[in-house]
Amino acid sequence: MRKALPLAVTAACGVAMLGTALPATASETEGSGGDAAMLSVLHGVPDTTVDVFVNGERTLDDFAPGDLAGPLELPAGDYEIAVTASDAQDDSEPVIGPVNVTLDGGVNYTAAAHLDAEGQPTATAFVNDTSALDAGNGRLVVRHVAAAPAVDVWANGEVAVPGLANPDEQSLDLPAGTIEAAVSVAGESDPVLGPADVEVTEGAATIVYAWGSAEDGSLALATQTVEGMHSAPGGVPTGNTQVPAEGQGLWWAAGGGALLLAAAGAVTALRRRTSVRA
-4 MRKALPLAVT AACGVAMLGT ALPATASETE GSGGDAAMLS VLHGVPDTTV
46 DVFVNGERTL DDFAPGDLAG PLELPAGDYE IAVTASDAQD DSEPVIGPVN
96 VTLDGGVNYT AAAHLDAEGQ PTATAFVNDT SALDAGNGRL VVRHVAAAPA
146 VDVWANGEVA VPGLANPDEQ SLDLPAGTIE AAVSVAGESD PVLGPADVEV
196 TEGAATIVYA WGSAEDGSLA LATQTVEGMH SAPGGVPTGN TQVPAEGQGL
246 WWAAGGGALL LAAAGAVTAL RRRTSVRA
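Each residue of the sequence shown is one higher than the one before, starting from -4 at the first, in my numbering.
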């Protein structure tokens, strides 16, 4: 459901935290004709509620950790964005910015304000792949934006993603179906999570974010869904999903959220017995 522009523009607060313009390369947004940008934003910094000013006007009040705004359709162009403490009178004393950002037409963005691997606030701009999926396929994307060590992600008994670290992402187009997924500490074979069944949905991208901090117990899960990537049916695959062994990604998908939530305890225990950067 699309909302009015003033609320839509507030989603750019995550972009402002980058301090730079968004990436120039991206997939075209379905139905946009290249004239508008699609923007979502994830607030993944624990214990930090903010207000956001766009072009001098307060457009978001009390934007809270864990909130995901959008997707909203915005005119392509330049915006001046400032982030202030919650309930500031105006944007004259911003904690971030003001920053000038450019949104390119025909691009689908998600901006995530989050913690880096050392637990310091940062932000990352992601471009959402909206290219059409083959009939019967779904897209699974994982984005590691948590203050937590790297992990290996397993699919059907094989490592699908080795050493996934903050702020990396991986994407995999798969036949719709069920995958047995597990998670281990990077370089180890014993699972710390799973195995558990994960469902891949036909014609959509499920984007899963791990955010927060394992060390302080705030690790959490946020899920974004991008739909409308169906192709004309040409035969829908059935049976178990086969996962390529190289260059492909898999994460905790919708239905596998319990894996990530359980990770907080496992990763915290890991930090106590390994030399992980604070």
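Note that CB positions come from ideal geometry on N, CA and C, so glycine has one too.
Next on the checklist: Can you tell me where the beta strand (DSSP E) holding Met224 begins and where it ends?
Outcome noted: In the sequence shown, counting from the first residue as 1, residue 224 sits at position 229. Element bounds for Met224: n/a, residue is neither H nor E.
* Please report how far the alpha carbon of Pro116 lies from the alpha carbon of Gly207, in whole angstroms. => If you number the sequence shown from 1, residue 116 lands on position 121. If you number the sequence shown from 1, residue 207 lands on position 212. Their backbone Cα atoms lie some 10 Å apart in a straight line.
### Query
Of the residues Arg138, Asp46, Ala32, which one's Cα is nearest the Cα of Thr201?
The count along the sequence shown starts at 1 and reaches residue 201 at position 206. Ranking the options by Cα distance to Thr201, first place goes to Arg138.
Practice task
Determine the closest residue to Gly61 out of Glu88, Pro41, Met224, with distance taken between C-alpha atoms.
Solution key: Sequence index remark: in the sequence shown, residue 61 carries index 66 (1-based). It is Pro41 whose Cα lies nearest to the Cα of Gly61.
**Asked** For Gly158, is the classification buried or exposed, using 16 other Cβ atoms within 10 angstroms of its Cβ as the cut-off for buried?
**Response** Residue numbering aside, residue 158 sits at position 163 when the sequence shown is read from its first letter. Exposed, since its Cβ has fewer than 16 Cβ neighbours within 10 Å.
#### Entry: Beta carbon of Val90 nearer than 9 Å to that of Val146
Residue mapping note: residue 90 aligns to position 95 of the sequence shown, counting from 1. Residue mapping note: residue 146 aligns to position 151 of the sequence shown, counting from 1. No, they are not a contact pair.
message = Going by C-alpha to C-alpha distance, which of Ala80, Ala83, Thr125, Val94 sits closest to Met33?
response = Reading the sequence shown from its first residue, position 38 is the one you call residue 33. For Met33, the nearest C-alpha among the options comes from Thr125.
With distances taken Cα to Cα, identify the nearest neighbour of Gly131 among Ala107, Ala155, Ala120, Asp168.
As a working note, residue 131 is residue 136 in the sequence shown. Among Ala107, Ala155, Ala120, Asp168, the Cα nearest to that of Gly131 belongs to Asp168.
What's the gap between the Cα of Asp129 and the Cα of Ala176? Mapped onto the sequence shown, residue 129 falls at position 134. Mapped onto the sequence shown, residue 176 falls at position 181. Straight-line Cα distance between these residues: approximately 23 Å.
inquiry  = Is it buried or exposed, Val148, if we count other Cβ atoms within 10 angstroms and call 16 or more buried?
reply    = The residue given as residue 148 occupies position 153 in the sequence shown. It is buried - the Cβ of Val148 has at least 16 other Cβ atoms within 10 Å.
### Query
So is Thr220 buried or exposed if we call it buried at 16+ other beta carbons inside 10 Å?
Start at 1 with the first residue of the sequence shown, and residue 220 comes out as number 225. With fewer than 16 other Cβ atoms within 10 Å, it is exposed.
Going by other Cβ atoms of all chains shown within 10 Å of its Cβ, with 16 needed for buried, is Asp30 buried or exposed?
-> Within the sequence shown, residue 30 is the residue found at index 35, counting from 1. Asp30 should be labelled exposed.
Quiz prompt | Sequence-distant residues of its chain with Cβ nearer than 7 Å to Ala83 (five each side left out) | solution = Sequence index remark: in the sequence shown, residue 83 carries index 88 (1-based). So the list reads Asp46, once near-sequence residues are dropped.
Is the beta carbon of Ala118 sitting closer than 9 Å to the one on Asp99? Translated into positions along the sequence shown, residue 118 becomes position 123. Translated into positions along the sequence shown, residue 99 becomes position 104. Cβ distance not < 9 Å, so Ala118 and Asp99 don't count as in contact.
| query | Cα separation between Glu75 and Arg53? | reply | Your numbering for residue 75 matches position 80 in the sequence shown. Your numbering for residue 53 matches position 58 in the sequence shown. Approximately 12 Å, taken between the alpha carbons.
By how many angstroms is the C-alpha of Gly114 removed from the C-alpha of Leu55?
Start at 1 with the first residue of the sequence shown, and residue 55 comes out as number 60. Start at 1 with the first residue of the sequence shown, and residue 114 comes out as number 119. Taking the straight line from one Cα to the other gives about 25 Å.
Subject >> Contact under 9 Å by Cβ, Ser166 with Leu216 >> reply: Walking along the sequence shown from the start, residue 166 turns up at place 171. Walking along the sequence shown from the start, residue 216 turns up at place 221. In this structure, Leu216 does not lie closer than 9 Å to Ser166 by Cβ.
With Gly158 as the anchor, note down where its beta strand (DSSP E) starts and where it stops. By one-based count along the sequence shown, residue 158 stands at place 163. That run of the beta strand (DSSP E) goes 153 to 159.
**Item:** Straight-line gap, Ala155 to Val96 (C-alpha atoms, nearest Å)
**Value:** Residue 155 sits at position 160 when you count from the first residue of the sequence shown. Residue 96 sits at position 101 when you count from the first residue of the sequence shown. About 35 Å.
### N-terminal and C-terminal residue of the beta strand (DSSP E) that Asp147 is part of
Here residue 147 refers to the residue found at position 152 when the sequence shown is read from its first residue. For Asp147, the enclosing beta strand (DSSP E) starts and ends at 146 to 150.
If you draw a straight line from the C-alpha of Phe48 to the C-alpha of Ala150, how long is it?
-> By 1-based counting over the sequence shown, the position of residue 48 is 53. By 1-based counting over the sequence shown, the position of residue 150 is 155. Near 43 Å, if we compare the C-alpha coordinates of Ala150 and Phe48.
task = Indicate the three-state DSSP secondary structure (helix, strand or coil) for Leu135 in the structure shown.
result = Counting from 1 along the sequence shown, the entry for residue 135 is found at position 140. Strand.
| For Glu68, the nearest candidate out of Ala120, Glu183, Tyr104 (CA to CA) | On the sequence shown, residue 68 is found 73 positions in, with the first residue counted as 1. The residue with the shortest Cα to Cα distance from Glu68 is Tyr104.
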